[in-house]
Amino acid sequence: MKNKPAGIYIHIPFCSSKCSYCNFYSIVNPSSSVIHNYNTCLCDEITRTLREYSKSDYNISSVYLGGGTPNILPLNELEKLIRHLEDKFDLSLNEIKEVTIEVNPNLSDLNYFKKLKDLGFNRISVGVQSLNNGILKLMGRKHTKEDVFNCLDYLSTAGFTNISTDLMFNYPTQTEEDVLDAIKTLSHYPINHFSVYSLSVEPKTILAKQLENKKIKLNREDNERKIYYHINSTLKHLGFNHYEISNYAKLGYESRQNNLYWKQGRYFGFGPAASSFLGNTRIDRPANLKAYMNKDPIPEENIFSLSERELKEEFMFLGLRRLEGINDSDYQKRYNSSFFTDFRDPINRLLENKTISINQDNIKLTPLGLDFADRVSLEFLL
Ligand code: SF4
Numbered sequence: 076m077k078n079k080p081a082g083i084y085i086h087i088p089f090c091s092s093k094c095s096y097c098n099f100y101s102i103v104n105p106s107s108s109v110i111h112n113y114n115t116c117l118c119d120e121i122t123r124t125l126r127e128y129s130k131s132d133y134n135i136s137s138v139y140l141g142g143g144t145p146n147i148l149p150l151n152e153l154e155k156l157i158r159h160l161e162d163k164f165d166l167s168l169n170e171i172k173e174v175t176i177e178v179n180p181n182l183s184d185l186n187y188f189k190k191l192k193d194l195g196f197n198r199i200s201v202g203v204q205s206l207n208n209g210i211l212k213l214m215g216r217k218h219t220k221e222d223v224f225n226c227l228d229y230l231s232t233a234g235f236t237n238i239s240t241d242l243m244f245n246y247p248t249q250t251e252e253d254v255l256d257a258i259k260t261l262s263h264y265p266i267n268h269f270s271v272y273s274l275s276v277e278p279k280t281i282l283a284k285q286l287e288n289k290k291i292k293l294n295r296e297d298n299e300r301k302i303y304y305h306i307n308s309t310l311k312h313l314g315f316n317h318y319e320i321s322n323y324a325k326l327g328y329e330s331r332q333n334n335l336y337w338k339q340g341r342y343f344g345f346g347p348a349a350s351s352f353l354g355n356t357r358i359d360r361p362a363n364l365k366a367y368m369n370k371d372p373i374p375e376e377n378i379f380s381l382s383e384r385e386l387k388e389e390f391m392f393l394g395l396r397r398l399e400g401i402n403d404s405d406y407q408k409r410y411n412s413s414f415f416t417d418f419r420d421p422i423n424r425l426l427e428n429k430t431i432s433i434n435q436d437n438i439k440l441t442p443l444g445l446d447f448a449d450r451v452s453l454e455f456l457l
């Protein structure tokens, strides 16, 4: 009997160029033979993994192709991957409620998008980031705002009705109007989900170097929260529910795959830098294409058998990312104890500093807690 719901994440570690702020694992401009060999390795990994499980153990509820830039894959490679996945997991993508692929607007093609629909993709996540061509250039993005509009028009024509867009705010020189105008413009398209991230400067990125060499200056930090509040109110006004710190959705369009991560669901990961979490074990594959293609064994330090305490901590800090918070009844079902007992001290401290609120068996972040979400998370770690 298929009794365990799970998701599948597949990482496509290739991009047309490297964006200045990005620390995701990706190789720039791979040759078609590298893409072909990589795809073969992905299919092998799926086969090897499925040898350990019975096909009927898992009920796949969502599939996500992320990157990198998944739409860099030629259609024949994509089709091969999807058919292999369907064969090994004994499923049809057309039967799954959420099958997402991330697309980069610089590679928009109507026929490609139509084929994605035929293959069973029913949700598209478009990496927009900004609609200001100057900012896009600074970010090192390959696309322009005109490419974004073309991309969204093509997706509509291809029949996609479940579209998410990623936006960034507080990038150097980017203004509040910039992001709010982008949201308003995009809301005229059939978009039902927004992910809006504040810039985070990651080590070893092009941006980190530019800052170090004083080629670029960060925006004033004290504006960041104000912009966040205005993003929240703008999206609310446009009918989007703020359901996670950085995510907003129209009714019924929350990301199933991301909810799986935040609710400690099971997921398979395939490809370098992809993680999987099945039961109590998390595997973080190394971000190393060569090692992956050589089929090097995953180093032991990348395989984590989580203790019950660690699982409980994750339940708390991942679950609290969702604005509706966490319920003790769910915790009790899973862990046979109460979080009010297991985490009495941190809960009391957070109540005292007004970053969480309690309503019967539910705990959630307060508006103040949203501003200090990272610090709230730390409270639950021993
Ligand atoms: S397209 Fe996405 S994954 Fe690729 S470099 Fe840019 S932000 Fe990173």
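Numbering-wise, this note's numbering comes out as the position in the sequence shown, counting from 1, plus 75.
Every residue gets a Cβ at the ideal spot worked out from N, C-alpha and C, and that includes glycine.
In this structure, N134 has its beta carbon at no less than 7 Å from each heavy atom of ligand 1.
When Cβ pairs closer than 8 Å are counted between the two stretches, the stretch 156-163 is seen not to touch the stretch 102-110, the count staying below three. Per DSSP, H312 is one residue of the alpha helix (DSSP H) stretching across E299 to H312.
Less than 8 Å divides the Cβ of R397 from the Cβ of E319.
In the structure shown, E127 adopts coil according to DSSP, grouped into three states. Residues lining ligand 1 by the Cβ criterion, that is a Cβ closer than 6 Å to any of its heavy atoms, are C90, K93, C94, C97, F99, S101, G142, G143, T144, N179 and G202 in chain order. R384 and F455 have their C-alpha atoms roughly 10 Å apart. Residue pairing by DSSP places C90 opposite V103 in a beta bridge. Annotation: the continuous alpha helix (DSSP H) that includes T416 extends over F414 to D417. C97 places its beta carbon 8 Å or farther from that of T248. With a cutoff of 8 Å on beta-carbon distance, F345 and L117 are scored as near each other. In this structure R300 is exposed. Its beta-carbon is surrounded by fewer than 16 other beta-carbon atoms within 10 angstroms. Here the stretch 219-232 does not lie against the stretch 306-316, with fewer than 3 beta-carbon pairs under 8 Å apart. G400 and I438 do touch by the CB rule: their CB atoms are close to 5 Å apart, below 8 Å. Between the stretch 330-339 and the stretch 161-174, the count of C-beta pairs closer than 8 Å reaches three or more; the two stretches touch. From the listed residues K79, F379 and I147, the smallest Cα separation to S107 is found for I147.
A81 is bridged by DSSP to I135 and R341. Classified as exposed, N169 has fewer than 16 neighbouring CB atoms from the shown chains inside 10 Å of its CB.
H86 is the residue among H86, L445, P442 and D446 whose C-alpha sits nearest the C-alpha of A362. Counting other Cβ atoms within 10 Å of its Cβ, E296 stays below 16 and is therefore classed as exposed.
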